[in-house]
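Inspection log for the structure reproduced underneath, given as C-alpha cells.
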Amino acid sequence: MELKLKNEVLTTLSDLLHQNRAGIIEANGTDFDAYPDMDESMKDRLKIDDTKIDGMINSLIEVAHQANPEDNVLYNHTREDGLRVINKTVPFGTILIIYESRPDVTIEAAATAFKAGNRILLKGGKESLNTNLLLTNLWHEALNMCDVDKSYVEYLVLSHTQTQQLIKENNRGIDLIIPRGGEGLINFVLQNSSVPVIVSGRGNNFLYIDEDADFDMAIKLVLNGKKRISVCNAIDKVLINKRLTNIKDKIDNLVVSLKEKEIDVWGSSEIVEICNEVKVENDANTLCEEYLAPKLYLTFVEEIDDAINMINKYSGGHTAVIVTNNITQANKFMELVDCASVYHNASSRFTDGGQYGVGAEIAISTQKLHFRGPLGAQELVTNKWFVYGQGQVRD
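Residue numbers (our numbering): 7 to 401.
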C-alpha cells in the first residue's frame with residue numbers, strides 16, 4: 007500500500023475521533039457501569055476522557071508523519087558475477103494483539119501495525135467491549151472512506167476458551183502474537199503458539215538511590231514514578247545505599263512525601279528500624295511482584311553491585327533508574343542492568359513510545375528479539391532478501 011494512502015487513513019481516523027468524542031465517552035461510561043467493582047488500577051486503564059481522546063488523535067497524527075517502515079533497504083550488494091542481493095524491510099503480515107482494559111490500544115496498536123503494512127486482529131478485554139467496538143467501527147469508517155479493505159483492522163469478540171483455541175490452532179493465518187497481560191496469558195501464548203511472540207512483560211521497576219545522590223531529586227523521581235499506579239512504567243521498588251549521609255532524615259522525608267500522596271510504604275526490617283512509619287515486609291516474594299497499586303517497597307543495599315544484581319534477578323526487565331551525581335556509577339549501572347530502558351536522574355515514566363518520539367506504540371517489549379522497549383511502526387517489520395539475476399548458477 008502506498009505511504010500516502012496509509013497516512014490518509016490515519017488522518018481521517020483522527021478526524022473521526024474528534025467528531026465522535028461524545029459517543030466514545032458514552033460507550034466508555036457503559037463499560038464502567040457494567041463492571042462497578044473494578045479496582046482503581048483497572049479503572050485508570052479503562053477510563054476514556056477528552057484528554058485520552060486527544061492523546062489518541064495526536065498519536066495518529068504522529069504516526070502519519072513518520073517515514074514508511076516498509077521497503078527500506080538494509081543491505082545492497084552486487085557480486086562479481088552480476089547477481090544483485092538486496093535485503094529490505096517488509097510487514098510481518100497479520101498480527102494478533104491480546105490486551106486488557108485500555109481502549110486506546112485499539113487505536114494506537116492498530117495504527118502502528120497499519121502504518122507498517124500489517125493487518126491486525128484486536129482481542130481486548132470484556133470490560134472495555136463497548137468502547138473497543140465503537141473505536142473499531144471508526145477504524146472501518148476511515149478505511150472505507152479511503153477505499154481500503156476494512157480487514158486491515160478486525161476486532162475479535164471471543165470467549166476465553168475461543169481465544170485459547172485461536173492461539174493453539176492459528177486458524178486465522180496469524181504471523182505474530184503480542185500478549186499484553188498477566189504472566190498467565192504470556193506463558194500460555196509462549197507455550198502454545200506456533201508463530202513468533204513478542205512479550206510485552208510486566209513492570210516491577212526499580213529505582214536505586216546511590217550514596218552520592220541529590221536526595222531531593224530522588225524524592226521527586228520516586229513520586230513521579232508512582233503518579234499513576236496502573237501503568238507498566240511505574241516504580242515499585244526503591245533501593246537505598248546504606249552509606250547515604252543523614253540517612254534517617256532522608257528516609258523520613260521520603261516516607262512523608264509518599265504518604266502525602268496516599269502511597270502505602272512497605273520495607274525491610276532494617277528500614278522499619280529507622281522509620282516506624284513503614285510497614286514491615288520480609289517476604290522476598292514481594293521483590294518479584296508488580297504491584298499495580300498505591301504501594302512502594304523500600305530496602306537497603308550495601309553498594310551499587312548489590313543493586314544491579316537485585317534488579318537483574320527480580321525486576322520485569324522493563325525499566326530501572328539510578329539517582330546519582332557520580333557519572334562513573336551511573337554508566338556502570340546503565341551498562342550492567344538488564345532492562346529495556348535504563349535512566350540516570352530521570353523518571354521511569356518516560357518509558358513510552360510517545361515520549362521516546364516513536365509516536366503510538368503497540369507494546370513495550372521486555373525481550374531481546376526482535377526488538378526491545380517501545381515498539382512503534384518502524385519496529386513492526388521484518389526483513390526479506392530480494393535476489394536479481396540473469397541466469398547465474400552456483401558451481
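From the three backbone atoms N, C-alpha and C, an ideal C-beta is built for every residue, glycine too.
Stretch-stretch touch, CB-based, cutoff 8 Å, three pairs: the region 309-318 with the region 182-200: Taking a cut-off of 8 Å on C-beta distances, the region 309-318 does not touch the region 182-200, as fewer than three cross pairs fall below it.
Candidates His146, Ile204, Thr95, of which the one nearest Trp391 by Cα: Taking the first residue of the sequence shown as position 1, residue 391 is located at position 385. The shortest Cα separation from Trp391 among His146, Ile204, Thr95 belongs to Thr95.
First through last residue of the alpha helix (DSSP H) which encompasses Asp258: Within the sequence shown, numbered from 1, the residue matching residue 258 stands at position 252. From DSSP, the alpha helix (DSSP H) with Asp258 extends over 253-266.
Residue range of the unbroken alpha helix (DSSP H) whose run includes Ala369: Residue numbering aside, residue 369 sits at position 363 when the sequence shown is read from its first letter. The continuous stretches of alpha helix (DSSP H) do not include Ala369, which lies in the beta strand (DSSP E) extending over residues 369-371.
In chain order, each alpha helix (DSSP H) run of at least 4 residues that lies wholly inside the region 172-209: As far as the region 172-209 is concerned, its whole alpha helix (DSSP H) runs of at least 4 residues are 189-198.
Rounded distance between the beta-carbons of Phe212 and Lys248, thought under 8 Å: The residue you call residue 248 lines up with position 242 of the sequence shown. The residue you call residue 212 lines up with position 206 of the sequence shown. About 16 Å; that fails the 8 Å criterion.
Asn403, enclosing beta strand (DSSP E) - first and last residue: Outside the modelled stretch of the chain, which goes from 7 to 401, sits residue 403, for which no answer is possible.
Burial state of Gly209, where buried means 16 or more other Cβ atoms lie within 10 Å: Reading the sequence shown from its first residue, position 203 is the one you call residue 209. Classification of Gly209: buried, given that the 10 Å Cβ count is 16 or more.
Residue burial classification, Asp55 (beta-carbon count within 10 angstroms, cutoff 16): Counted from its first residue, the sequence shown places residue 55 at position 49. Counting of Cβ neighbours within 10 angstroms places Asp55 among the exposed residues, the total staying below 16.
Chain-order list of residues whose beta-carbon lies under 6 Å from that of Lys254 (same chain, five-residue window excluded): Counting from 1 along the sequence shown, the entry for residue 254 is found at position 248. Result list for Lys254: Ile280, in chain order.
Paired residues, beta bridge with Pro97 - DSSP: For the purposes of this step, residue 97 is taken as the residue at position 91 of the sequence shown. Pro97 pairs with Val387.
Distance between Phe377 and Leu164 (C-alpha atoms, nearest Å): Looking up residue 164 in the sequence shown gives position 158. Looking up residue 377 in the sequence shown gives position 371. For Leu164 and Phe377, the gap between their C-alpha atoms comes out near 29 Å.
Nearest-angstrom Cα separation, counted from Glu8 out to Met44: On the sequence shown, residue 44 is found 38 positions in, with the first residue counted as 1. On the sequence shown, residue 8 is found 2 positions in, with the first residue counted as 1. If I take the Cα positions, the gap works out to 43 Å.
Among Leu182, Val278, Gly187, nearest to Glu385 - alpha-carbon criterion: Residue 385 sits at position 379 when you count from the first residue of the sequence shown. Measuring from the Cα of Glu385, the nearest candidate turns out to be Leu182.
Thr112 and Asn136 closer than 7 Å at C-beta: Counted from its first residue, the sequence shown places residue 112 at position 106. Counted from its first residue, the sequence shown places residue 136 at position 130. No, these two residues do not count as a Cβ contact at 7 Å.
Exposure label - His83; buried when at least 16 CB within 10 Å: Here residue 83 refers to the residue found at position 77 when the sequence shown is read from its first residue. Label assigned to His83: exposed.
Expected contact under 8 Å - CB spacing of Asp218 and Asn351 to nearest Å: Within the sequence shown, numbered from 1, the residue matching residue 218 stands at position 212. Within the sequence shown, numbered from 1, the residue matching residue 351 stands at position 345. No, Asp218 and Asn351 are not in contact; Cβ-Cβ is about 12 Å, not under 8 Å.
Cβ contact check for the region 220-237 and the region 261-276: 3 or more pairs under 8 Å: Result yes; three or more Cβ-Cβ pairs closer than 8 Å.
Separation of Ile246 from Tyr303, as counted between CA atoms: To locate residue 303, count along the sequence shown from 1; it is residue 297. To locate residue 246, count along the sequence shown from 1; it is residue 240. C-alpha separation (whole angstroms): 11 Å.
Beta-bridge pairing of Glu160 - partner residues as DSSP gives them: Translated into positions along the sequence shown, residue 160 becomes position 154. Answer is Leu127, bridged to Glu160.
Beta-bridge partners of Lys243, as assigned by DSSP: Walking along the sequence shown from the start, residue 243 turns up at place 237. DSSP, once it has assigned bridges, lists Phe212, Tyr303 as partnering Lys243.
Inter-residue spacing [alpha-carbon to alpha-carbon] between Lys129 and Thr169: Position 123 of the sequence shown, counted from the start, is the residue given in the question as residue 129. Position 163 of the sequence shown, counted from the start, is the residue given in the question as residue 169. When rounded, the separation of the alpha-carbon atoms in Lys129 and Thr169 is 8 Å.
Host beta strand (DSSP E) of Asp311 (start-end): Taking the sequence shown and counting its residues from 1, the one referred to as residue 311 is at position 305. DSSP places Asp311 outside any beta strand (DSSP E); the residue lies instead in the alpha helix (DSSP H), whose first and last residues are 310-320.
Same chain, Cβ closer than 7 Å to Ala462, neighbours up to 5 away in sequence not counted: The displayed coordinates of the chain run from 7 to 401. Any statement about residue 462 would go beyond what the structure contains.
For Asn389 and Leu80, believed in contact at Cβ under 8 Å, the rounded distance: As a working mapping, residue 80 is identified with position 74 in the sequence shown. As a working mapping, residue 389 is identified with position 383 in the sequence shown. Confirmed, Cβ separation roughly 6 Å.
Own chain residues within Cβ distance below 7 Å of Gly395, not counting five before or after: Residue 395 sits at position 389 when you count from the first residue of the sequence shown. Taking Gly395 as the centre and dropping the five residues before and after it, the same chain places the C-beta of Leu89 closer than 7 Å to its C-beta, in chain order.
Residue range of the alpha helix (DSSP H) that includes Asp50: Working through the sequence shown from its first residue, we reach residue 50 at position 44. Taken as a continuous stretch (DSSP letters only), the alpha helix (DSSP H) holding Asp50 covers 46-52.
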